[in-house]
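S.K.:
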Ligand SMILES: *Cc1c(COP(=O)(O)O)cnc(C)c1O
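In full-length UniProt numbering, the protein residues as written are 1 to 453.
Written out as structure tokens, the structure reads:
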């Protein structure tokens, strides 16, 4: 059905002809039309220009469409919906595992955030990743991926997809364009898969260069932008598909598991196809109530990201000045500092994640113990994007799916403490808690020579 369905009217205002009447037969009030291109460079501006959905009774917030199924006035309408003649772009809905109005609206907001033609949301980041890959690949297809990826994605590519579908992945160093180019098998390789900022080593993907290589070889560039919403806009830099674990910064509350797929309308539509759609048939549906929750948080994502990034920059600068081994793309000594500077949206900084290399797992654990249990600087937990600082030792937690050699190749040292810098409390209060915990670690450990002075 969806193959013949009308392309959905998505919200990228640049791509929408203001006179095409798309919204003319829509009864709801509309957002202001874009009047200048100035907002377009800031994802917060694009998001604010997406159509604002009001509630059924004029509420400032959209209503939650909690129905699993939808009724029609005339029997023939059902036939026309199933033939693809009437679709969600004209407010005709069939069943909520297919398009749901509330989830569709969040999808439009996500598309606006990422400057893609379309977007749709899923029940988790992993379901967004696996469905997108299964849609773009067939049995026996080949993927080229960065060797430095979120552990779950790495396991999906190295174990699950080869076993279940014969989809094999070649892992490469994505900073080496020759290696990337050589790994692509023309005709067989369908996807080049990277993370815009990689978990956990914070290496940054050169999206314009990777997209040039991918497109020269007829391959789709798929970018997981979970670490850097607002900061980086991969689609504007040449990516074809942008994926998110919405569970992280976008949610911000560490209370929701969700995902998003942003890309061409043809891809989103094909994913809802009755016969061949990965979202329709595997069914990783987002609940409408969850979509509403996330939609309420998107308007302050920009403010939250700025504060995450600001504090990460201040902490990284001070940690470095103390002589600690800190990895942060905002620092000039980071190998990808000038790259991220050339790609980042203005005013956001360099991300809310930083890594501290404590050289051994034992010392990393001692620091985290004091940071949580003695000085209340943050919490030992995986995940990221929460208002409290979250800390984990990547090698033994989120990247534990990788073998020792794979970790070494990706630059994950056993003492690497990954921090998602929160914004609760005051900056100086948190810094003094960090200093106190560090001094306690040093009192018990005279072999750690972190200080250069
Ligand atoms: C957490 C995470 C995922 C997986 O997302 P879930 O919402 O937990 O399924 C994928 N990619 C990255 C970079 C992540 O941090």
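All C-beta atoms in this analysis are idealised placements derived from N, C-alpha and C, irrespective of residue type, glycine included.
How close, in whole Å, do the beta carbons of residue 135 and residue 271 come, if the pair is a contact with beta carbons under 8 angstroms?
M.R.: Here residue 135 refers to the residue found at position 135 of the chain shown. Here residue 271 refers to the residue found at position 271 of the chain shown. Contact flag correct, Cβ pair sits at about 5 angstroms.
S.K.: Quick one: any contact between the region 410-427 and the region 361-368, if contact means 3 or more CB pairs under 8 angstroms?
M.R.: yes
S.K.: Can residue 345 be considered in contact with ligand 1, in the sense that its beta carbon sits closer than 7 angstroms to one or more heavy atoms?
M.R.: Taking the first residue of the chain shown as position 1, residue 345 is located at position 345. Checking every heavy atom of ligand 1 against the Cβ of residue 345, none is found closer than 7 angstroms.
S.K.: Between which two residues does the alpha helix (DSSP H) holding residue 128 run?
M.R.: Along the chain shown, read from residue 1 onward, the residue named residue 128 stands at position 128. Counting along the chain, the alpha helix (DSSP H) containing residue 128 begins and ends at 125-136.
S.K.: Over the uninterrupted alpha helix (DSSP H) stretch that includes residue 369, give me the two end residues.
M.R.: Walking along the chain shown from the start, residue 369 turns up at place 369. Looking at the DSSP string, the run of the alpha helix (DSSP H) that includes residue 369 is 361-369.
S.K.: Near residue 130, which residues of its chain fall below 7 angstroms by C-beta distance, leaving aside the five closest residues on each side in sequence?
M.R.: Taking the first residue of the chain shown as 1, we reach residue 130 at position 130. Contacts found: 156.
S.K.: Tell me the DSSP secondary structure of residue 147 in three-state form.
M.R.: As a first step, residue 147 is located in the chain shown; it is residue number 147 there, counting from the start. Residue state, collapsed to three classes: coil.
S.K.: Look up residue 30 in the DSSP assignment and say whether it is helix, strand or coil.
M.R.: Position 30 of the chain shown, counting from 1, holds the residue named residue 30. For residue 30, the predicted model reports a pLDDT of 33, less than 50, meaning its position is unreliable; a value from the coordinates is still stated below. The answer is coil: DSSP assigns residue 30 none of H, G, I, E or B.
S.K.: The alpha helix (DSSP H) that contains residue 254, what's its start and end?
M.R.: Reading the chain shown from its first residue, position 254 is the one you call residue 254. Element bounds for residue 254: n/a, residue is neither H nor E.
S.K.: Run through the DSSP bridge pairs and tell me what residue 192 is partnered with.
M.R.: By 1-based counting over the chain shown, the position of residue 192 is 192. Answer by DSSP bridge pairing, in chain order: 144, 221.
S.K.: DSSP has residue 357 in a bridge; who is on the other side?
M.R.: As a working mapping, residue 357 is identified with position 357 in the chain shown. Paired residues: 416.
S.K.: Under 7 angstroms, CB to any heavy atom of ligand 1. Which residues pass, going along the chain?
M.R.: 124, 125, 126, 127, 129, 150, 152, 153, 195, 199, 224, 226, 227, 245, 246, 247, 248, 257, 258, 259, 383, 384
S.K.: Determine the closest residue to residue 71 out of 88, 64, 94, with distance taken between C-alpha atoms.
M.R.: Against the chain shown, residue 71 aligns to sequence position 71. For the residues 88, 64, 94, the minimum Cα distance to residue 71 belongs to 94.
S.K.: Name the residue from 387, 87, 99 whose alpha carbon lies nearest to the alpha carbon of residue 287.
M.R.: Along the chain shown, one-based indexing puts residue 287 at 287. Per the Cα distances, 99.
S.K.: Are residue 149 and residue 188 closer than 8 angstroms when you measure CB to CB?
M.R.: The sequence position of residue 149 within the chain shown is 149, counting from 1. The sequence position of residue 188 within the chain shown is 188, counting from 1. Taking 8 angstroms as the Cβ cut-off, residue 149 and residue 188 do not qualify as a contacting pair.
S.K.: Tell me the DSSP secondary structure of residue 400 in three-state form.
M.R.: Residue 400 sits at position 400 when you count from the first residue of the chain shown. Reduced to three states, the DSSP call for residue 400 is coil.
S.K.: Who are the Cβ neighbours of residue 445 in its own chain at under 8 angstroms, not counting the five residues just before and after it?
M.R.: In the chain shown, counting from the first residue as 1, residue 445 sits at position 445. Same-chain partners within the cutoff: 363, 366.
S.K.: On the DSSP letters alone, give me the boundaries of the alpha helix (DSSP H) that residue 102 sits inside.
M.R.: The sequence position of residue 102 within the chain shown is 102, counting from 1. Unbroken alpha helix (DSSP H) run through residue 102: 101-114.
S.K.: Could you say which of 384, 46, 201 lies nearest to residue 336 if we only look at CA atoms?
M.R.: Here the question's residue 336 lines up with position 336 in the chain shown. Proximity to residue 336 across 384, 46, 201 peaks at 201, based on C-alpha coordinates.
S.K.: Nearest to residue 252 by alpha carbon, out of 385, 227, 145, 331?
M.R.: Translated into positions along the chain shown, residue 252 becomes position 252. Answer by Cα proximity: 385.
S.K.: Just to check my reading of the structure: residue 112 and residue 49 have Cβ atoms closer than 8 angstroms, yes? What is that Cβ distance to the nearest angstrom?
M.R.: For the purposes of this step, residue 112 is identified with residue 112 of the chain shown, where counting begins at 1. For the purposes of this step, residue 49 is identified with residue 49 of the chain shown, where counting begins at 1. With a Cβ gap of about 7 angstroms, residue 112 and residue 49 count as contacting.
S.K.: Which whole-angstrom value describes the C-beta separation of residue 241 and residue 267, a residue pair presumed to lie in contact below a C-beta threshold of 8 angstroms?
M.R.: Here the question's residue 241 lines up with position 241 in the chain shown. Here the question's residue 267 lines up with position 267 in the chain shown. Yes, residue 241 and residue 267 are in contact; Cβ-Cβ is about 7 angstroms, under 8 angstroms.
S.K.: On the DSSP letters alone, give me the boundaries of the alpha helix (DSSP H) that residue 295 sits inside.
M.R.: Locating residue 295 in the chain shown gives position 295, where the first residue counts as 1. 288-297 is the span of the alpha helix (DSSP H), which, as asked, contains residue 295.
S.K.: Could you give the residue range of the beta strand (DSSP E) that holds residue 211?
M.R.: The residue given as residue 211 occupies position 211 in the chain shown. Where residue 211 is concerned, there is no enclosing beta strand (DSSP E), although the alpha helix (DSSP H) it sits in stretches over 207-216.
S.K.: Please confirm whether residue 64 and residue 102 have their CB atoms less than 8 angstroms apart.
M.R.: Residue numbering aside, residue 64 sits at position 64 when the chain shown is read from its first letter. Residue numbering aside, residue 102 sits at position 102 when the chain shown is read from its first letter. Yes, these two residues count as a Cβ contact at 8 angstroms.
S.K.: By DSSP, does residue 434 sit in helix, in strand, or in coil?
M.R.: In the chain shown, residue 434 corresponds to position 434, counting from 1. Three-state DSSP puts residue 434 in a helix.
S.K.: With distances taken Cα to Cα, identify the nearest neighbour of residue 133 among 423, 220, 151, 346.
M.R.: Numbered from its first residue, the chain shown carries residue 133 at position 133. Checked all of 423, 220, 151, 346; the closest Cα to residue 133 is 220.
S.K.: Less than 8 angstroms between the beta carbons of residue 207 and residue 254, yes or no?
M.R.: Counting from one through the chain shown, the residue named residue 207 turns up at place 207. Counting from one through the chain shown, the residue named residue 254 turns up at place 254. Contact: no.
S.K.: Sort out for me which residues DSSP pairs residue 168 with in a bridge.
M.R.: The residue given as residue 168 occupies position 168 in the chain shown. Answer is 142, bridged to residue 168.
S.K.: Please report how far the alpha carbon of residue 326 lies from the alpha carbon of residue 355, in whole angstroms.
M.R.: The residue given as residue 326 occupies position 326 in the chain shown. The residue given as residue 355 occupies position 355 in the chain shown. If you take the alpha carbons of residue 326 and residue 355, they lie about 6 angstroms apart.
S.K.: Taking the alpha-carbon positions, what's the residue 125 to residue 351 distance?
M.R.: Here residue 125 is taken as the residue at index 125 of the chain shown, counted from 1. Here residue 351 is taken as the residue at index 351 of the chain shown, counted from 1. If I take the Cα positions, the gap works out to 19 angstroms.
S.K.: Do the region 227-235 and the region 296-316 touch if we need at least three Cβ pairs shorter than 8 angstroms?
M.R.: yes
S.K.: By a C-beta neighbour count over all protein chains shown, 10 Å radius and 16 as the cutoff for buried, is residue 373 buried or exposed?
M.R.: Translated into the one-based positions of the chain shown, residue 373 becomes position 373. With fewer than 16 Cβ atoms within 10 Å of its Cβ, residue 373 is classed as exposed.
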